[in-house]
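Reviewing the structure listed below.
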Amino acid sequence: MPVSRKLIVTVAVLAVLAAAGGAWWHFNGKPAPVETAQAATDPGYVITPRDRTLGNPKAKVVLIEYAAPVCPHCAHFNEDVVPQLKKEYVDTGKVLYVFRVFPLHPEDGAVEKLARCLPKEKYFPFMDQIFKNQSKWSSGYGVTDVRGALLQQAAMQGMSEPQFDACLADSKEDAEINKVAQDGQDRYRISGTPTVIINGQPQPGVAHWEDLKPLIEAALAR
1 MPVSRKLIVT VAVLAVLAAA GGAWWHFNGK PAPVETAQAA TDPGYVITPR DRTLGNPKAK
61 VVLIEYAAPV CPHCAHFNED VVPQLKKEYV DTGKVLYVFR VFPLHPEDGA VEKLARCLPK
121 EKYFPFMDQI FKNQSKWSSG YGVTDVRGAL LQQAAMQGMS EPQFDACLAD SKEDAEINKV
181 AQDGQDRYRI SGTPTVIING QPQPGVAHWE DLKPLIEAAL AR
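For the sequence shown, the working numbering puts the final residue at 222, and the numbers step up evenly by one.
Spelled out as structure tokens, the structure:
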């Protein structure tokens, strides 16, 4: 999903989700060149304890995906590309997969907050559920009661309504979400989602498995 305008989010998140507070990151809508300058000793990425990852931490290839839960293209990537990636490269120890939320809408921040309020082992199952059920909770599909719809999604992972409200009301997480998004923009000049980074280098236009697989193979061969 391309990003082309600033987001008016503070009021919207209060109106739509009722319990969520804080200011979400505002994308400036100014794409820049995707190539990044790297020193010989700089891998072009930093993996932090906050990151949610799958696979071998010592894998030769580190693949970072920046995605937005409301993004239909990201849902397609999750459905058609990630399972192949996991089967062929992550589960075999060749690739470390890192997933980061790049919020395009207040709902993206809310989903990320909910995912992180769940036990760590439920993070990826919840995100997978969110992508697969995108049409049931996203305002982009005409859902008017987004809060109620997200509460339903969270309940499927065992979250109660008081836990849900407390999670969205915790403003400390807002700054962390903003920081991840800002770092992604500063490092990689992200202009849309999903954005794939392989060993520190942005890979524009990667939307299908046939696009991604040769890039991984080339990285493994280096």
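By construction, the Cβ of each residue, glycine as well, lies at the ideal position given by its N, Cα and C atoms. These figures come from a predicted structure and were not determined experimentally.
N- and C-terminal bounds of the alpha helix (DSSP H) containing residue i
i, result
"glutamine 134", "134–137"
"alanine 110", "106–117"
"tyrosine 188", "172–188"
"serine 217", "Looking at the sequence provided, one finds glutamate at residue 217 rather than serine. Counting along the chain, the alpha helix (DSSP H) containing glutamate 217 begins and ends at 209–221."
"aspartate 80", "72–80"
"alanine 154", "146–155"
"glutamate 161", "161–169"
Same chain, Cβ closer than 6 Å to residue i, five either side skipped, listed in chain order
i, result
"glutamate 112", "Val101, Ile177"
"leucine 54", "Val90, Tyr97"
"proline 31", "Bear in mind that the predicted position of proline 31 carries a pLDDT of just 37, short of 50, making it unreliable; the figure below should be weighed with that in mind. Excluding residues within five positions, the ones whose Cβ falls inside 6 Å are Ser191."
"valine 180", "Arg100"
"glutamine 134", "Ala75"
"aspartate 51", "Val98"
"glutamine 185", "none"
"glycine 173", "The sequence shown places glutamate at residue 173, rather than the glycine named in the question. The answer, listed in chain order, is Lys113."
"proline 69", "Asp108, Val111, Ile130"
Cβ neighbour criterion (16 or more within 10 Å) applied to residue i
i, result
"leucine 212", "buried"
"serine 138", "buried"
"alanine 175", "exposed"
"valine 46", "exposed"
"glutamate 107", "buried"
"tyrosine 66", "buried"
"proline 103", "buried"
Residue span of the beta strand (DSSP E) that contains residue i, given as start and end
i, result
"valine 101", "95–101"
DSSP bridge partner residues for residue i (one or two, in chain order)
i, result
"arginine 52", "Phe99"
"alanine 67", "Val101"
"isoleucine 197", "Ile64, Pro202"
Spatial neighbours of residue i in its chain, beta-carbon cut-off 8 Å, leaving aside the 5 residues before and after
i, result
"methionine 156", "Gln129"
"glutamine 152", "Lys136, Trp137"
"phenylalanine 77", "Glu65, Ala67, Pro194, Ala207"
Proximal residues to residue i (C-beta, below 7 Å), its chain only, five neighbours per side dropped
i, result
"lysine 94", "Ala59, Lys60, Val61, Leu220"
**OP:** Examine the Cβ distances between the region 107–122 and the region 84–98 and report whether three or more of them are shorter than 8 Å.
**Re:** These segments do not touch.
Subject >> At least 3 beta-carbon pairs within less than 8 Å: the region 191–206 vs the region 121–130 >> reply: Segment contact: the region 191–206 against the region 121–130, fewer than three CB-CB distances shorter than 8 Å; contact not assigned.
Original post:
Is the region 67–85 touching the region 196–212, taking contact as three or more C-beta pairs under 8 Å?
Top reply: They touch, by the three-pair rule.
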